[in-house]
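Visitor: Here my numbering is used: the first residue of the sequence shown is 28, the next is one more, and so on. Using N, Cα and C, we set each Cβ at its ideal position, and we do this for glycine too. Because the structure is a prediction, the values reported are computed rather than measured.
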Amino acid sequence: MHTDLSEIAFRIKQSDKSAFHEFYQLFHKRIYFFCIHYGLKSSDAEEITQDVFVKFWCSRKNIDPEKCIKAYLFMISKNTILDMLRKSIRSKANKTYQMNLILPVNNTENTLEYNELMGIVEKTLTALPERRRQVFEMSRLQGMSHKEIASNLNISTKTVENHLTLALQNFRQVFQDAKIMSTSLLAFFLT
Numbered sequence: 028m029h030t031d032l033s034e035i036a037f038r039i040k041q042s043d044k045s046a047f048h049e050f051y052q053l054f055h056k057r058i059y060f061f062c063i064h065y066g067l068k069s070s071d072a073e074e075i076t077q078d079v080f081v082k083f084w085c086s087r088k089n090i091d092p093e094k095c096i097k098a099y100l101f102m103i104s105k106n107t108i109l110d111m112l113r114k115s116i117r118s119k120a121n122k123t124y125q126m127n128l129i130l131p132v133n134n135t136e137n138t139l140e141y142n143e144l145m146g147i148v149e150k151t152l153t154a155l156p157e158r159r160r161q162v163f164e165m166s167r168l169q170g171m172s173h174k175e176i177a178s179n180l181n182i183s184t185k186t187v188e189n190h191l192t193l194a195l196q197n198f199r200q201v202f203q204d205a206k207i208m209s210t211s212l213l214a215f216f217l218t
């Protein structure tokens, strides 16, 4: 069956949801495998594929039916993948940098203190209520913005802020009780 993509493009530009659904059916697997080709895990590829089609729909007024709608879709896909990879690299680099600041010097006493400290951090994380822990990890360990967290968890940004405030209070209290004064660690968790 031959599909006229310029007609579909015109209908999508006019906010025709059935045309969008038809376009989605034609291309969602291709976008998914495009993501896999870039080396993404299956779960990330699925998420990116959904994001791509959401972005495509949101930018439908920019579609030019005279141009190749398929190329436009793959351009959105490539940019979305690259944005995700950049964000992941920044997050990993930031986490590595922060962890290197608190790594102990090569002596037994510092190693023991470091191991004890990391045990306290892990114990505090697991003691947090599930949603609070999720919000904290998404913010501090994955580098997500409040808006991104709210969108992923289907909660308001104010709720995200409240969860973070409570999580940070938990960490402050635990660090204070344990008499932890490592400024690098405090900066990482409490800012």
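1. Do residue 39 and residue 54 have their CB atoms nearer than 8 Å?
2. Alpha carbon to alpha carbon, how far is residue 79 from residue 112?
3. Measure the alpha-carbon distance for residue 195 versus residue 84 and round it to whole angstroms.
4. Do the CB positions of residue 75 and residue 123 come within less than 8 Å of each other?
5. With DSSP collapsed to three states, give me the class of residue 196.
6. On a Cα-Cα basis, can you pick out the residue from 161, 32 and 148 that is closest to residue 92?
7. To the nearest angstrom, how far is it from the Cα of residue 90 to the Cα of residue 44?
8. Helix, strand or coil: how does DSSP classify residue 188 here?
9. Please report the distance separating the alpha-carbon of residue 66 from that of residue 116.
10. Taking C-beta to C-beta, are residue 166 and residue 191 nearer than 8 Å?
11. Where does residue 204 sit, in a helix, a strand or coil, going by DSSP?
12. Could you give the DSSP three-state label for residue 146: helix, strand or coil?
13. Applying the criterion that 16 or more other CB atoms from any shown protein chain within 10 Å of the CB defines a buried residue, is residue 199 buried or exposed?
14. Please say whether residue 168 and residue 197 have beta carbons closer to each other than 8 Å?
15. Please name the residue in 62, 148 and 42 whose C-alpha comes closest to that of residue 204.
Guide: Once the coordinates are examined:
1. For residue 39 and residue 54, no; Cβs fall outside 8 Å.
2. Taking the Cα positions, residue 79 is about 15 Å away from residue 112.
3. C-alpha separation (whole angstroms): 38 Å.
4. No; because the gap between Cβ atoms is not below 8 Å, this pair is not in contact.
5. The DSSP-derived three-state label of residue 196 is helix.
6. Measuring C-alpha to C-alpha distances from residue 92 to each of 161, 32 and 148 identifies 32 as the nearest.
7. Straight-line Cα distance between these residues: approximately 15 Å.
8. Taken through DSSP and simplified to helix, strand or coil, residue 188 comes out as helix.
9. So the alpha carbons of these two residues sit roughly 14 Å apart.
10. Judged by beta-carbon spacing, residue 191 lies within the 8 Å limit of residue 166, meaning their Cβ atoms are closer than that value.
11. The DSSP-derived three-state label of residue 204 is helix.
12. In this structure, residue 146 counts as helix in the three-state DSSP scheme.
13. When all chains shown are included, residue 199 counts as exposed.
14. In this structure, residue 168 does not lie closer than 8 Å to residue 197 by Cβ.
15. When each option's Cα is compared against that of residue 204, the closest is 148.
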